[in-house]
Amino acid sequence: MSESIQGPGLLFVNSKIIRPDLIDEEAFFKWYDEDHIAEILATSGIQSAFRFLDVNIGNVERPYLAMYPMIDIGFTKTEEFRNINVSSDMLPNGGPIYDLADFDVRYYKLVQVFDPKKKGKGVVKTIIAAQYELGELTEDEFDSWYRKEHLDQLAGVPGYLRTTRFKLALARSNAQSRALKGLSTNDEPPPQPPKWLAVHEFESEEVDLVSLRQLTDTEWTRKINSVSKSRAFPVFKIAKAHGAGDWFHDVAE
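Per UniProt numbering, numbering of the sequence shown is gapless, rising by one per residue and ending at 253.
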């Protein structure tokens with residue numbers, strides 16, 4: 001990945017339990033909220049955290065999502081970040097958590113904030129994590145589509161709040177995360193997630209997908225979707241917000 005790891009951005013962690021015989025959702029969430037996120041927010045580089053559940057939980061591979069906005073994603077390269085614990089008395093046998101759950105970890109750089117409603121913090125209930133791998137599509141056309149057409153159309157969807165857009169800087173697998181912590185690992189290949197992420201926020205409990213499709217069904221959108229290499233649009237509902245509740249609200253559009 002050629003993107004530099006610095007500047008405003010996002011730590012994106014999509015996970016699943018791999019040892020349900022040892023840990024259930026309740027214990028996993030308790031560790032996340034009371035131990036892991038609490039320790040993360042005590043660091044100097046992360047002040048807000050958001051935990052989400054896929055609305056199709058039970059039918060998707062990775063139903064759990066945690067996102068951490070950062071003023072500088074370069075914090076992820078520091079010793080302070082590397083020293084965040086992955087073992088805990090709250091985990092079976094003390095952990096590490098990588099023995100119990102599998103984590104798709106991504107560092108994203110902030111590209112754009114689109115906030116037409118300007119309702120501030122603490123309003124979001126649902127998000128769409130729109131992910132694209134461009135294939136033959138150029139980055140310039142993809143960016144123009146968002147800025148000149150797509151975002152304005154999304155703003156008409158009932159309950160829509162805002163969109164933050166990101167470009168992937170780094171991704172690591174569970175095996176690579178284990179290596180980062182000095183744990184035994186394997187030769188699992190590096191992940192290759194979609195390079196582009198847009199987090200579309202809604203203040204409604206459910207996203208009106210019918211309205212969304214109708215409002216965004218244009219020739220340009222159909223072209224983008226037809227030539228992109230891959231697309232994914234998982235919908236998540238917020239489970240818990242921690243810390244300051246900031247989500248690039250002070251970033252100029």
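From the three backbone atoms N, C-alpha and C, an ideal C-beta is built for every residue, glycine too.
Would you identify the three-state DSSP class for PHE236, choosing helix, strand or coil? Against the sequence shown, residue 236 aligns to sequence position 236. Three-state DSSP puts PHE236 in a strand.
TYR160 and LEU168 closer than 8 Å at C-beta: Position 160 of the sequence shown, counting from 1, holds the residue named residue 160. Position 168 of the sequence shown, counting from 1, holds the residue named residue 168. No, the pair does not count as a contact, with Cβ atoms beyond the cut-off.
CB-CB under 7 Å to TYR98, same chain, minus the five flanking residues each way: which ones, in chain order? To locate residue 98, count along the sequence shown from 1; it is residue 98. If we look at TYR98 and ignore the five residues flanking it on each side, its Cβ neighbours are VAL86, ASN174, SER177, ARG178, LEU183.
Does the segment 57-72 touch the segment 6-14, meaning 3 or more C-beta pairs lie closer than 8 Å? Contact holds: three or more Cβ-Cβ distances are below 8 Å.
I'd like the ranges of any alpha helix (DSSP H) spanning at least 4 consecutive residues and lying wholly in the segment 7-47. Correct list: 25-31, 37-41.
In whole angstroms, what separates the C-alpha of GLY7 from that of THR76? Locating residue 7 in the sequence shown gives position 7, where the first residue counts as 1. Locating residue 76 in the sequence shown gives position 76, where the first residue counts as 1. Going by the C-alpha atoms only, they are around 11 Å apart.
Residues bridged to LYS223 (per DSSP): Mapped onto the sequence shown, residue 223 falls at position 223. As DSSP reads the structure, LYS223 sits in no beta bridge.
Tell me PHE202's beta-bridge partners as DSSP assigns them. Numbered from 1 along the sequence shown, position 202 holds the residue referred to as residue 202. As computed with DSSP, PHE202 is found in a beta bridge with THR126, TYR160.
May I ask you to report which of helix, strand or coil DSSP gives ALA155? By one-based count along the sequence shown, residue 155 stands at place 155. Three-state result, ALA155: coil.
Within the same chain, show all residues whose beta-carbon is closer than 7 Å to that of ALA244, passing over the 5 residues directly before and after it, in chain order. For this step, residue 244 is matched to residue 244 along the sequence shown. Excluding sequence positions up to five before and after ALA244, its CB lies within less than 7 Å of the CB of GLN47, SER48, all in the same chain and listed in chain order.
What are the start and end residues of the beta strand (DSSP E) that includes PHE103? Along the sequence shown, one-based indexing puts residue 103 at 103. Looking at the DSSP string, the run of the beta strand (DSSP E) that includes PHE103 is 101-114.
So what does PRO69 bridge to, in DSSP terms? Numbered from 1 along the sequence shown, position 69 holds the residue referred to as residue 69. Under DSSP, PRO69 takes part in a beta bridge, and its partners are LEU10.
Inspect the beta-carbon positions of PHE202 and LYS125 and report whether they are closer than 8 Å. Position 202 of the sequence shown, counted from the start, is the residue given in the question as residue 202. Position 125 of the sequence shown, counted from the start, is the residue given in the question as residue 125. With contacts defined as CB atoms closer than 8 Å, PHE202 and LYS125 qualify as a contacting pair.
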